[in-house]
Amino acid sequence: MGIKQSIIDEYLLGGTSYRQLSKKYGFSRTRIHEWFQEFTGVTPIKKGTENGFTLAVMTPLKNDSVNKEIEVLQKQLAQEKLHNKLLTAIIEIAETELKIPIRKKYGTKQLKK
1113 MGIKQSIIDE YLLGGTSYRQ LSKKYGFSRT RIHEWFQEFT GVTPIKKGTE
1163 NGFTLAVMTP LKNDSVNKEI EVLQKQLAQE KLHNKLLTAI IEIAETELKI
1213 PIRKKYGTKQ LKK
């Protein structure tokens, strides 16, 4: 395991700040922060300066497998929404045809025996 990974692991275990890790290992806080961003999949992109300060915009890394997984999850979500609409329609039809309440009415009191 490399020094970079051990520093990231130590930070993730908690209780150690970038400043403490910087003093312990001799790397700058900025470098350690960049390594952590790299590890979590976020890369800073510098977008110019404003009033002498450099602005950084955080953008997630582009990854084809992540994009494919997102597409699959979006399709599954659309399918589950459609399934939910179907079940709701079936319950409504059953309630009107059978003339009995199927859905639980919230806030009603239970019968005492």
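Quick note on the numbering used here: the sequence shown kicks off at 1113 and runs consecutively.
Backbone N, C-alpha and C define an ideal beta-carbon position, used for all residues, glycine too.
Only buried fits Leu1133, as 16 or more other CB atoms lie within 10 angstroms of its CB.
Between the region 1197-1216 and the region 1176-1187, the count of C-beta pairs closer than 8 Å stays below three; the two stretches do not touch. Around the beta carbon of Ile1119, 16 or more other beta carbons lie within 10 angstroms, which makes this residue buried.
Counting only the Cα atoms, Gly1138 lies some 11 Å from Ile1115. Distance from the CA of Arg1143 to the CA of Glu1181, rounded to the nearest whole angstrom, comes to 31 Å. Using a 10 angstroms sphere on the CB of Tyr1218, the tally of other CB atoms stays under 16, which defines it as exposed. As the crow flies, the alpha-carbon of Asp1121 is around 15 Å from that of Gly1153.
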